[in-house]
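The numbering of the sequence shown is the working numbering, which starts it at 192 and goes up by one.
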Amino acid sequence: MEKFKLKNGINIYANKENKFKTWSVSIYIYRPLNAAEASQDALMSKVLKSATKNYPTRAAMAKRLDWLYGTSITTGVIKYADVHITIITLKAVCDKYLPEKISTDVLKFGKEILLEPKTDGEGFDKEIVDIEKENLKKLIESYVNEKALYADKRCIEIMCADEPFGTDERGTIEELEKIDEKSLYKHYEDVLKNSKIDIFTSGDIDEKEVEEVFGDITSNGAIPEVTIGKPSEKVKEVTESMDVTQGKLVMGFRTSHTAAQDKCKAMVFNALFGGSPTSKLFNNVREKLSLAYYANTRMYFSKGIMMARSGIEIDKYDKVREEILTQLKEVCDGNITDAEMDNAIAHIINVYTSLSDDPETAEAVKAGQIIEGDERSMEELIEGMRKVTKEDVIEIAKGITLDTVYFLKN
């Protein structure tokens, strides 16, 4: 992505991939991650896309989008480390495929969504806020229906109970209930005054046109700092019961390697240990020993956290836990084949090169780099992965410590 700095503190990150017939513009707003703000940000993102000053109803909004040749709006929140990001995205057909130019109108509509929501001067529209509160409440409650996601969420909550990262990106029902149309509008005003804002574009759109539309918006904040938690002195172990037929075991590890220069090493380690179809966990815990329905890992690089997840028969808990730790020791002891290294590096490189087919994910990855202070291009990251050695992977493995074990059983 090319970076263009605007005078108002906003950066434009342009992905000039022109193989699609659509283009997109995304507004990224960076805020500190905490329980109260997470609920406000999540609700605000949905309220903003529901109505504006000039298009005060959902029907009017839909009609405007239809007039813009089926342009779509998506809004939402994600968390990256200790940073909460509100994202507003508009995706439209490229001008060259249309009988008229609409790109400027699309950009102006995106600006209107951000700066001119429907209000009465003191608060958002009460009916819209109440509807979106109920929708968000149902979404938060629905976590329990996806048992694997629920187990991941609970492990992080337990592991990072005293850290911002323990907060879910959509907040909590308890905090959501405290919000009304006036308090949400007050939060919205604070967000505009005190937040770091960036613009991401993808596809055939001129960054100068983006600057002309968004050049008068001011980014007054800084990206919140990321804190790194320390491993617990004693492993936290929590077992919960629910009506499930398959147990969910999630093991949370802390790693001492979180700096940007260690990222390539950590990515290759993760792919080799549990983050790919050729990993040690997949080949041993799932395939060879048939101990799990699935066994994989996810690493949150900027937080120094790795989660080992598996779906298992309830009575195999002890065996699976032991085998996951055994496979980690195998890596620490250097029992890594050349094929395992080659496959791990090839997998993670393939993941990054395929980002060109998924602009939204590419934007989120870049936003993560911005938060980390990592200015490397995609090509530089891929080259860094190619240079990772067995010794590098062993170094990462030896810095990993078990912190939390969460088990969901029947």
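Beta carbons are placed, not taken as given, at the ideal position from N, Cα and C, and that holds for glycine.
Simplified DSSP assignment, three categories, for residue i
i, result
"G412", "coil"
"S547", "helix"
"R445", "strand"
"K510", "helix"
"L516", "helix"
"V426", "coil"
"G502", "strand"
"F464", "helix"
"L480", "coil"
"K369", "coil"
"G590", "coil"
"D389", "strand"
"E142", "The question about residue 142 has no answer, for the chain in this structure spans 192 to 601."
"N598", "Per the sequence shown, residue 598 should be read as Phe rather than Asn. In the structure shown, F598 sits in a strand (DSSP, three-state: E or B)."
"K196", "strand"
"T418", "coil"
"K210", "coil"
"A226", "helix"
"S217", "strand"
"M433", "coil"
"I527", "coil"
"K471", "helix"
"G362", "coil"
"G495", "coil"
Nearest residue (CA-CA) to residue i, options the options
i, options, result
"G564", "S493, D506, Y597, T552", "S493"
"V584", "V596, T528, M569, I561", "T528"
"N206", "K557, V596, K302, P247", "K557"
"V158", "V459, P468, Y219, K328", "A question about residue 158 goes unanswered here, because the residues of the chain that appear run from 192 up to 601."
"K425", "S501, E431, G443, K439", "G443"
"M433", "L599, K302, H378", "L599"
"G559", "N199, K196, Y204", "Y204"
"G394", "V284, E582, T243", "V284"
"S470", "T436, M350, E521, L440", "E521"
"I503", "S236, L482, K399", "L482"
"I201", "A555, F391, I591", "F391"
"E228", "N461, V216, D548, H378", "H378"
"P468", "N487, L480, K456, K479", "N487"
"F211", "A413, S547, I304", "S547"
"N461", "E303, V435, G495", "G495"
"F195", "K507, N411, E428, E403", "E403"
"A339", "V216, G438, N526", "G438"
Buried or exposed (CB count within 10 angstroms, at least 16 for buried), residue i
i, result
"G214", "Note on identity: in this sequence residue 214 is Trp, with Gly being the wrong assignment. The residue in question, W214, is buried, as its Cβ has 16 or more Cβ neighbours within 10 Å."
"K454", "buried"
"P550", "buried"
"R361", "buried"
"D524", "exposed"
"D257", "exposed"
"S294", "buried"
"Y271", "buried"
"A530", "exposed"
"G261", "exposed"
"E332", "exposed"
"Y597", "buried"
"G312", "exposed"
"K387", "buried"
"D316", "buried"
"E372", "buried"
"T517", "exposed"
"R512", "buried"
"S568", "exposed"
"D321", "exposed"
Limits of the alpha helix (DSSP H) - the one that residue i falls within
i, result
"T243", "Careful: T243 lies outside any alpha helix (DSSP H) and carries neither H nor E."
"L256", "249-258"
"R577", "569-577"
"V335", "Run containing V335: none; DSSP gives neither H nor E here."
"T358", "Unbroken run through T358: none, as it is neither H nor E."
"D296", "294-306"
"E566", "That residue, E566, is in no alpha helix (DSSP H); it is neither H nor E in DSSP."
Under 8 Å between C-beta atoms of residue i and residue j
i, j, result
"P355", "L224", "yes"
"I573", "I540", "yes"
"S236", "R249", "no"
"T277", "R222", "yes"
"I515", "L472", "yes"
"L367", "K328", "yes"
"L298", "V429", "no"
"I587", "H448", "yes"
"H275", "D232", "yes"
"M350", "T595", "yes"
Element boundaries [beta strand (DSSP E), containing residue i]
i, result
"L281", "274-284"
"N206", "202-206"
"G267", "263-271"
"Y288", "Here Y288 belongs to no beta strand (DSSP E), and DSSP marks it neither H nor E."
"Y485", "485-491"
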